[in-house]
Ligand code: GLY
C-alpha cells in the first residue's frame, strides 16, 4: 500500500493511509485525503479558501478515477460546495455520466445531500477587492459582474500571486487497486466558467491498474493540449519505465512553445506502486509519500526536463 500526494506539506496523507489500514479502498483513501486539503483554508488553490475568479466567485473543479474499472467522475465550476472530490465520486458511482459542471453539478450535489458552504474567505475577498480596486479603479468591486466585457481581464489569471494551486493524490490499496484524484480552485482571477485540466479525465488525471496512474498540477491549459496524464500512463503501457514515461510526457509539454503560459508538474505511480513526480525546468518538484510502516509522510524528489524553445 502507498499514498502519494502533490501536497508537499503532506496534508491528508496520514488520513488517507489510515483509511487504507481500516480496510478502505484506494478510492476511499483518495477521497479522505483530498477532503482534508479542500477544507484547509491555508491552501489558496483548493477548496475552501481557494482563489476566486475575476468576479470574486470561487469555482472548484475535481475528478476521480478508479484504475480497477476505469470508472471516473468529474465536476467543474462548483461554487457552493466545499468538497468537489466527493461530488465527483458520487458522479462516478451514481450516474451514467462522468462529467457535470456548474448548476447541474450543484443540483446533483444538493440531491446527494451535500451541505452548502461559503468558499470565499475574508482574506481572499480582501485580495480580490484590492485587485479590482487597484488595477481597475472600480470603487465597488461587486459591480464588476455588470461589466459588458471581461475578456481583457483574463490575463489576470497569470498573476503569480495565485500560484495555480491544485492537489493530486494517487493511492494503491491492499488489493493492488490504484485510484487517482485531483481537486482545485483553478487559476485565481480566471474568466468565469474557465475549466483547466483538473476535472478533465486524461488531461489532469488518469488511472489504470494495469499500467499506473498520473495527475497534474500547474497550468491546466498546457496539460489539456497534450493530455499529459493519459499520455504518461499510455507511455508506460507502451513499455516505458515510470521515469521515461514522465520524461516523455514532460517533453510533450516542452513542445508547447506557443502560448506557454506556465509550468506543469506530473505526479505519477507505476503499477507496482513506485512513485515519482516531474516538471519542466531547473529544479525537480517534491511530493509527499507514505507507506504503512511509516509514522508520517516523507518527501520524495522528482525529476525535471530542461526547458526547450
Ligand atoms: N491545474 C489546475 C488548473 O489549471 O486549473
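In the working numbering, the protein residues as written are 1037 to 1345. Just so you know, even glycine gets a beta-carbon here, dropped at the ideal spot from N, CA and C.
Open item on the list: Rounding to the nearest angstrom, what Cα-Cα distance links residue 1084 and residue 1113 in this structure?
Closed with: As a first step, residue 1084 must be located in the chain shown, where it is residue number 48. As a first step, residue 1113 must be located in the chain shown, where it is residue number 77. Each residue's Cα considered, the two are about 14 Å apart.
- [ ] Taking only heavy atoms of the ligand GLY into account, decide whether any of them is closer than 7 Å to the Cβ of residue 1080.
- [x] The residue labelled residue 1080 in the question sits at position 44 within the chain shown. No, the Cβ of residue 1080 stays beyond 7 Å of every heavy atom of the ligand GLY.
Task: With 16 other Cβ atoms within 10 Å as the buried cut-off, status of residue 1152 - done: Taking the first residue of the chain shown as 1, we reach residue 1152 at position 116. Label assigned to residue 1152: exposed.
Open item on the list: Any residue with its Cβ nearer than 7 Å to a heavy atom of the ligand GLY should be included. What is that list in chain order?
Closed with: Qualifying residues, in the order they occur: 1097, 1200, 1202, 1220, 1222, 1223, 1232, 1233, 1234, 1240, 1252, 1253, 1254, 1255, 1256, 1257 and 1259.
Task: Contiguous beta strand (DSSP E) assignments of at least 3 residues, all confined to the stretch 1240 to 1309 - done: The DSSP assignment places 1241 to 1244, 1248 to 1254 and 1300 to 1306 as complete runs of the beta strand (DSSP E) inside the stretch 1240 to 1309, in order along the chain (cut-off: 3 residues).
- [ ] Label residue 1234 either buried or exposed according to how many other C-beta atoms from any shown protein chain fall within 10 Å of its C-beta, with 16 as the threshold for buried.
- [x] Here residue 1234 is taken as the residue at index 198 of the chain shown, counted from 1. Within 10 angstroms of the beta-carbon of residue 1234 lie 16 or more other beta-carbons, which makes it buried.
Task: 8 Å CB neighbourhood of residue 1239 in its chain, flanking five on each side removed - done: Looking up residue 1239 in the chain shown gives position 203. Once the five neighbours on either side are set aside, the close Cβ partners of residue 1239 are 1233, 1252, 1256, 1259, 1260, 1263, 1264, 1265 and 1266.
Open item on the list: Within 10 Å of its beta-carbon, does residue 1274 have 16 or more other beta-carbons around it, so buried, or fewer, so exposed?
Closed with: Counting from one through the chain shown, the residue named residue 1274 turns up at place 238. Flag for residue 1274 reads exposed.
- [ ] Name the residue from 1285, 1307 and 1203 whose alpha carbon lies nearest to the alpha carbon of residue 1315.
- [x] The count along the chain shown starts at 1 and reaches residue 1315 at position 279. Comparing Cα-Cα distances from residue 1315 to each of 1285, 1307 and 1203, the minimum goes to 1285.
- [ ] State the DSSP-derived secondary structure class of residue 1096, mapped to helix, strand or coil.
- [x] On the chain shown, position 60 is the one that residue 1096 refers to. Three-state result, residue 1096: strand.
Task: Closest Cα partner of residue 1100 within the set 1271, 1278 and 1220 - done: Sequence index remark: in the chain shown, residue 1100 carries index 64 (1-based). If you compare the alpha carbons of 1271, 1278 and 1220 with that of residue 1100, the shortest gap goes to 1220.
Task: For residue 1040, the residue or residues it bridges with in DSSP - done: Against the chain shown, residue 1040 aligns to sequence position 4. Under DSSP, residue 1040 takes part in a beta bridge, and its partners are 1206 and 1325.
Task: Through-space distance from residue 1081 to residue 1204, alpha-carbon basis - done: If you number the chain shown from 1, residue 1204 lands on position 168. If you number the chain shown from 1, residue 1081 lands on position 45. Each residue's alpha carbon lies about 12 Å from the other.
Task: Host alpha helix (DSSP H) of residue 1109 (start-end) - done: By one-based count along the chain shown, residue 1109 stands at place 73. For residue 1109, no alpha helix (DSSP H) segment is defined; the enclosing uninterrupted segment is the beta strand (DSSP E) at 1107 to 1114.
Open item on the list: Report the start-end ranges of each alpha helix (DSSP H) in the stretch 1143 to 1177 that is 4 residues or longer and not cut off at the edges.
Closed with: DSSP runs (the alpha helix (DSSP H)) wholly in the stretch 1143 to 1177: 1158 to 1172.
TODO: Could you check which residue in 1102, 1092, 1104 and 1096 has the C-alpha nearest to that of residue 1111?
DONE: Sequence index remark: in the chain shown, residue 1111 carries index 75 (1-based). Comparing Cα-Cα distances from residue 1111 to each of 1102, 1092, 1104 and 1096, the minimum goes to 1096.
Open item on the list: Quick check on residue 1343: buried or exposed, where buried means 16 or more other Cβ atoms within 10 Å of its Cβ?
Closed with: Numbered from its first residue, the chain shown carries residue 1343 at position 307. Classification for residue 1343: exposed.
TODO: Name the one or two DSSP bridge partners that residue 1102 has.
DONE: For the purposes of this step, residue 1102 is taken as the residue at position 66 of the chain shown. 1107 and 1215, per the DSSP bridge assignment.
Task: CA nearest to the CA of residue 1068, picked from 1079, 1122 and 1042 - done: Taking the first residue of the chain shown as position 1, residue 1068 is located at position 32. Looking at the Cα atoms, 1122 is the closest of the given residues.
Open item on the list: So, under 8 Å CB-CB, residue 1190 and residue 1242 are touching, yes? Tell me the CB distance rounded to an integer number of Å.
Closed with: Start at 1 with the first residue of the chain shown, and residue 1190 comes out as number 154. Start at 1 with the first residue of the chain shown, and residue 1242 comes out as number 206. Not really, about 28 Å apart at Cβ, beyond 8 Å.
Task: Touch test, the stretch 1285 to 1295 against the stretch 1085 to 1094, Cβ-Cβ under 8 Å, three pairs minimum - done: Too few Cβ pairs lie closer than 8 Å, so no.
Task: Per DSSP, the bridge partner or partners of residue 1087 - done: For the purposes of this step, residue 1087 is identified with residue 51 of the chain shown, where counting begins at 1. For residue 1087, which the question treats as bridged, DSSP gives no partner whatsoever.
- [ ] Would you mind working out which of 1319, 1157 and 1065 sits nearest residue 1337, comparing C-alpha positions?
- [x] The sequence position of residue 1337 within the chain shown is 301, counting from 1. Per the Cα distances, 1319.
Open item on the list: Within the continuous alpha helix (DSSP H) that includes residue 1056, where are the two ends?
Closed with: Position 20 of the chain shown, counted from the start, is the residue given in the question as residue 1056. Following the DSSP letters along the chain, one finds residue 1056 inside the alpha helix (DSSP H) bounded by residues 1049 to 1057.
Open item on the list: Classify residue 1105: buried if its beta carbon has 16 or more other beta carbons within 10 angstroms, exposed otherwise.
Closed with: Counting from 1 along the chain shown, the entry for residue 1105 is found at position 69. Flag for residue 1105 reads exposed.
Open item on the list: Our contact map puts residue 1021 next to residue 1065 with C-beta atoms below 8 Å; I'd like the distance itself, whole angstroms only.
Closed with: With the chain represented from 1037 up to 1345, any question about residue 1021 goes unanswered, as that position is not in the structure.
Task: Backbone CA spacing between residue 1247 and residue 1170 [nearest angstrom] - done: Reading the chain shown from its first residue, position 211 is the one you call residue 1247. Reading the chain shown from its first residue, position 134 is the one you call residue 1170. The straight-line gap from Cα to Cα measures roughly 50 Å.
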